[in-house]
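To start, the structure itself, in structure tokens.
Residue numbers (the numbering used here): 19 to 574.
Here it is in structure tokens:
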């Protein structure tokens with residue numbers, strides 16, 4: 019865990035252990051794969067004891083750990099007015115050719131975003147189109163603040179599109195954009211690309227670090243003409259495996275009003291009309307299967323899909339509640355994702371966690387999740403015959419479906435829990451921060467008693483210093499001898515990672531000690547607090563309590 023000092027509103031230094039402040043920036047906190055993934059990461063960091071704040075343009079959840087632009091303003095905040103202004107001047111809009119999003123790097127929220135941004139030691143960007151103004155943000159954020167940017171889609175890499183649809187002009191400098199039906203080199207996409215290039219030209223390579231949820235997105239970043247020189251780490255998106263878990267299929271079908279003996283194929287998309295999600299491919303594939311007994315389509319999302327009348331179909335509309343979603347996944351025999359391109363689809367994660375096998379197109383990050391003969395089948399994109407065959411093969415083999423179902427749940431628990439994702443981010447936060455003090459092994463859990471917060475220690479408590487600048491070398495330690503010493507003074511040896519004693523300290527009472535550490539700039543290291551005395555367990559507590567620490571931090 020990362021710790022720092024914190025000053026309360028009354029200006030008095032509160033002697034407590036508190037985690038490093040991480041602020042996530044996202045256009046929304048709910049309503050689609052990207053904001054849901056952001057919120058889940060933020061919530062899990064808070065659950066693990068980290069100080070995470072979600073700062074959004076559009077707040078849809080009732081969560082006090084989320085703040086929205088305008089929350090801190092004294093005047094009445096008018097989202098409708100701002101949205102119209104945003105649409106008129108800095109559009110996040112649907113292009114007319116491909117019916118997909120196309121976004122500028124500009125935003126009307128320039129200085130006010132920076133003025134209202136919560137204090138942060140780490141800034142984590144997510145889906146920020148229409149919210150963060152690149153020019154202002156990257157030029158005004160303090161140069162020592164590390165920035166991590168999770169790539170929800172391709173928009174940061176391109177001259178406006180969120181899905182390049184195999185164009186790959188972002189590997190050069192955009193222009194002649196097919197999504198704008200443009201034949202001009204210096205079109206809007208080139209202008210946005212040039213604007214992004216200008217915005218990031220002074221951002222140091224060791225200050226900005228990208229996170230890609232999939233191997234496919236990692237490769238996209240490495241091909242990007244804007245960001246190929248910046249570091250990237252692949253961290254798969256996590257899923258709440260408590261909310262998304264297998265439910266009783268008969269019960270789920272009864273709740274949803276589905277036939278118990280049906281062969282249920284499930285399709286889920288935020289917007290079913292989104293051409294990238296390619297519902298038309300599934301419709302063609304199902305048309306080929308009209309004679310398959312008991313075939314039934316269950317669909318979920320905004321819009322009203324149409325199917326041949328010969329195939330029974332129920333459309334549930336848009337559902338946000340995760341427990342209800344788990345019933346939907348559990349009601350299905352098979353989940354199908356027929357995307358033309360996709361990053362690391364939350365819907366596939368949700369299906370796996372609920373134990374529902376997946377047939378998916380072999381594009382983007384889908385192969386990271388759909389493992390042939392283990393969690394489902396992969397098919398060629400735009401091949402309805404191949405998709406029909408894969409669906410029919412699995413629906414006809416109940417034993418294989420059951421086997422795949424157990425693998426789906428097992429892999430979700432082994433590789434994609436929210437805690438696993440959060441700890442990978444925490445490791446990256448450690449790498450990006452400077453002069454970070456973290457607690458290693460041999461610390462008891464945080465306790466609060468009589469209004470004071472502390473940690474008890476038996477022996478050899480580790481203190482780890484990550485990325486020291488060399489400017490801070492004096493450690494401040496407020497501690498007190500514990501009852502296991504039987505009222506003897508505490509003799510404490512500060513040892514290096516090899517166990518060599520650097521200095522010895524002694525105290526009878528509660529005292530603040532100032533310890534000069536032998537720190538070398540940019541060389542992370544570990545120290546131990548070693549108690550020399552023989553100590554005894556307590557009759558009232560099974561632990562050995564040699565001393566407790568109330569405060570730990572830098573004195574300069």
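C-beta atoms are modelled at their ideal positions from N, C-alpha and C, and glycine is treated no differently. Quantities reported herein were computed from a predicted structural model and do not represent experimental measurements.
Under the three-state DSSP convention, the category residue i falls into
| i | result |
| --- | --- |
| residue 332 | strand |
| residue 161 | coil |
| residue 205 | coil |
| residue 218 | helix |
| residue 575 | This structure leaves residue 575 out entirely; the chain is present only between 19 and 574. |
| residue 526 | coil |
| residue 453 | coil |
| residue 484 | strand |
| residue 474 | strand |
| residue 309 | coil |
| residue 580 | The structure shown does not extend to residue 580, since the chain is modelled only from 19 to 574, so the question has no answer here. |
| residue 56 | helix |
| residue 255 | coil |
| residue 107 | In this predicted model, residue 107 has a pLDDT of only 42, less than 50, meaning its place in the structure is not dependable enough to derive any value. |
| residue 505 | coil |
Residue i classed as buried or exposed, judged by whether at least 16 other C-beta atoms fall within 10 angstroms
| i | result |
| --- | --- |
| residue 139 | buried |
| residue 262 | buried |
| residue 335 | exposed |
| residue 507 | exposed |
| residue 205 | buried |
| residue 558 | exposed |
| residue 504 | exposed |
| residue 280 | buried |
| residue 344 | buried |
| residue 195 | buried |
| residue 470 | exposed |
| residue 391 | exposed |
| residue 285 | buried |
| residue 434 | buried |
| residue 188 | buried |
| residue 155 | buried |
| residue 275 | exposed |
| residue 383 | buried |
| residue 565 | buried |
| residue 248 | buried |
| residue 415 | exposed |
Same chain, Cβ closer than 6 Å to residue i, neighbours up to 5 away in sequence not counted
| i | result |
| --- | --- |
| residue 132 | 158 |
| residue 513 | 519, 546, 548 |
| residue 561 | none |
| residue 91 | Per-residue confidence for residue 91 stands at a pLDDT of 41, beneath the threshold of 50, marking its modelled position as unreliable; no derived number is given. |
| residue 522 | 511 |
| residue 331 | 315, 325 |
| residue 51 | 364 |
| residue 235 | 169, 361 |
Start and end residues, beta strand (DSSP E) containing residue i
| i | result |
| --- | --- |
| residue 285 | 281-289 |
| residue 372 | Residue 372 -> no beta strand (DSSP E), and no H or E assigned at all. |
| residue 532 | 529-534 |
| residue 394 | 394-397 |
| residue 294 | Taken as a continuous stretch (DSSP letters only), residue 294 belongs to no beta strand (DSSP E), as it is neither H nor E. |
| residue 400 | That residue, residue 400, is in no beta strand (DSSP E); it is neither H nor E in DSSP. |
| residue 270 | Taken as a continuous stretch (DSSP letters only), residue 270 belongs to no beta strand (DSSP E), being part of the alpha helix (DSSP H) at 267-274. |
| residue 229 | 226-230 |
| residue 381 | Premise fails: residue 381 is in no beta strand (DSSP E) and is neither H nor E. |
Run of the alpha helix (DSSP H) containing residue i, from where it starts to where it stops
| i | result |
| --- | --- |
| residue 444 | 436-450 |
| residue 418 | 416-433 |
| residue 386 | 384-387 |
| residue 142 | Segment 140-143 is the beta strand (DSSP E) holding residue 142; no alpha helix (DSSP H) there. |
| residue 184 | Where residue 184 is concerned, there is no enclosing alpha helix (DSSP H), given that its DSSP letter is neither H nor E. |
| residue 121 | Note, residue 121: premise wrong, no alpha helix (DSSP H); beta strand (DSSP E) at 119-121. |
| residue 241 | 233-241 |
| residue 349 | 340-349 |
| residue 1 | Missing from the structure shown is residue 1; the chain here goes from 19 to 574 and no further. |
| residue 129 | 129-134 |
Own chain, CB closer than 8 Å to residue i, minus 5 neighbours either side, in chain order
| i | result |
| --- | --- |
| residue 443 | 59, 63, 142, 166, 229, 253 |
| residue 223 | 247, 248, 249 |
| residue 313 | 280, 281, 283, 304, 307, 329, 330, 413 |
7 Å Cβ shell around residue i - same chain, five flanking residues per side excluded
| i | result |
| --- | --- |
| residue 428 | none |
| residue 108 | With a pLDDT of only 43 at residue 108, under the threshold of 50, the placement of this residue in the model should not be trusted; the figure read from the coordinates follows. Excluding sequence neighbours, residue 108 sits near 122, 124, 125, 126, 148. |
Chain D within 8 Å of residue i, Cβ atoms only
| i | result |
| --- | --- |
| residue 442 | Chain labels in this structure do not include chain D; a single protein chain is all it has. |
Beta-bridge pairing of residue i - partner residues as DSSP gives them
| i | result |
| --- | --- |
| residue 70 | 40 |
| residue 572 | 493 |
| residue 317 | 285, 333 |
| residue 479 | 547 |
| residue 63 | Paired residues: none, contrary to the question. |
| residue 84 | 72 |
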